[in-house]
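Working notes for the structure below.
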Amino acid sequence: MNKVIGSAAEAVADIGDGASLAVGGFGLCGIPETLIRAVHAAGTGRLRLVSNNCGVDGRGLGILLAAGRVTRVTASYVGENKEFARQYLAGELEVELIPQGTLAERLRAGGAGIPAFFTPAGVGTQIAEGGLPWRYAPDGTVAVSSPARETRVIEGREYVLENAITCDFALVRAARGDAHGNLVFDKSARNFNPLAATAGRITVAEVEELVEPGALDPDEVHLPGVFVQRVVPLTPAQAADKPIERRTVAAPAARGTVASV
Numbered sequence: 052m053n054k055v056i057g058s059a060a061e062a063v064a065d066i067g068d069g070a071s072l073a074v075g076g077f078g079l080c081g082i083p084e085t086l087i088r089a090v091h092a093a094g095t096g097r098l099r100l101v102s103n104n105c106g107v108d109g110r111g112l113g114i115l116l117a118a119g120r121v122t123r124v125t126a127s128y129v130g131e132n133k134e135f136a137r138q139y140l141a142g143e144l145e146v147e148l149i150p151q152g153t154l155a156e157r158l159r160a161g162g163a164g165i166p167a168f169f170t171p172a173g174v175g176t177q178i179a180e181g182g183l184p185w186r187y188a189p190d191g192t193v194a195v196s197s198p199a200r201e202t203r204v205i206e207g208r209e210y211v212l213e214n215a216i217t218c219d220f221a222l223v224r225a226a227r228g229d230a231h232g233n234l235v236f237d238k239s240a241r242n243f244n245p246l247a248a249t250a251g252r253i254t255v256a257e258v259e260e261l262v263e264p265g266a267l268d269p270d271e272v273h274l275p276g277v278f279v280q281r282v283v284p285l286t287p288a289q290a291a292d293k294p295i296e297r298r299t300v301a302a303p304a305a306r307g308t309v310a311s312v
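Numbering (my numbering), first residue to last: 52 to 312.
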């Protein structure tokens, strides 16, 4: 089955207002930037996002956030996006913050058809007990808070029940892919991409290099094509667009001195 779509705009055209999206990436590493921009260009709003974080100001999911297109975010990290923090604290955005490993497992469980699972992460905290502020009111009070979760003692250890996550759509980015939707991710850009892809009812993948079916060694495929419904090949310029979230390089040592280690 040929799953190649001619453009990103065509691939996301049926994402409607109020849709839920699982989006791959970690910071700006491995984010489906072209697909995100296509969703932005389409004017889609009231989106409910599930992603490790929400991009940064002006890049990634941050462009949807800044345009007021997002109503809810399920994530594990906020820190690099000032607009994200502002909207949350102002009561404009509902945010469910959960431990990163729990987020990964909730996505994986959704893709595997597992409705829920028990984990020790969050036991004894507001994750289990409830009361985490999901949405603030304009006056700063808590308008919506997290509910208490079921807990259970198994073999002497307490666990909290977490529900799986599935979404209407998933947007991911891969280094290589074929027309059947088999995907290969590059090093750390793999991050949340395979997990997000399995959790989407319709998964759209942008690929930096499109190869013929059979060109990928089955042993190198990270995500089988059964999880992918649409493939969008990137242009060379789009494939090369890989911004660095935060540069942390040391200044060069002065000539004649020895740099400290």
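Built from N, CA and C at the ideal position, the CB exists for glycine as well.
Computed from a predicted structure; not experimentally measured.
- Query: Using DSSP with H/G/I as helix, E/B as strand and the rest coil, what is Gly161?
  - Reply: helix
- Query: Between Arg241 and Thr176, what straight-line distance do the alpha-carbon atoms span, to the nearest angstrom?
  - Reply: 30 Å
- Message: Output needed for Ala141: all residues of its chain with C-beta closer than 8 Å, excluding positions within five of it in sequence on either side, in chain order.
- Response: Tyr187, Pro189
- Taking one C-beta from the segment 206–215 and one from the segment 58–72 each time, how about it: are there three or more such pairs within less than 8 Å? no
- Coarse secondary structure for Phe278, derived from DSSP in three states: helix
- Task: Kindly identify the DSSP beta-bridge partner or partners of Thr202.
- Result: Val211
- Query: Taking C-beta to C-beta, are Val279 and Ala248 nearer than 8 Å?
  - Reply: yes
- Task: Just the C-alpha distance for Thr85 and Ala59, rounded to the nearest angstrom, thanks.
- Result: 7 Å
- Query: Can the beta-carbon of Ala230 be found closer than 8 Å to that of Pro264?
  - Reply: yes
- Task: For Ile253, name the three-state secondary structure that DSSP assigns.
- Result: strand
- Going by other Cβ atoms of all chains shown within 10 Å of its Cβ, with 16 needed for buried, is Ser102 buried or exposed? buried
- Cβ pair count under 8 Å reaching 3, the segment 219–234 against the segment 195–210: no
- Message: Please state the DSSP three-state secondary structure of Val312.
- Response: Model confidence at Val312 stands at a pLDDT of 49, short of 50, so the residue's coordinates are unreliable and nothing is read from them.
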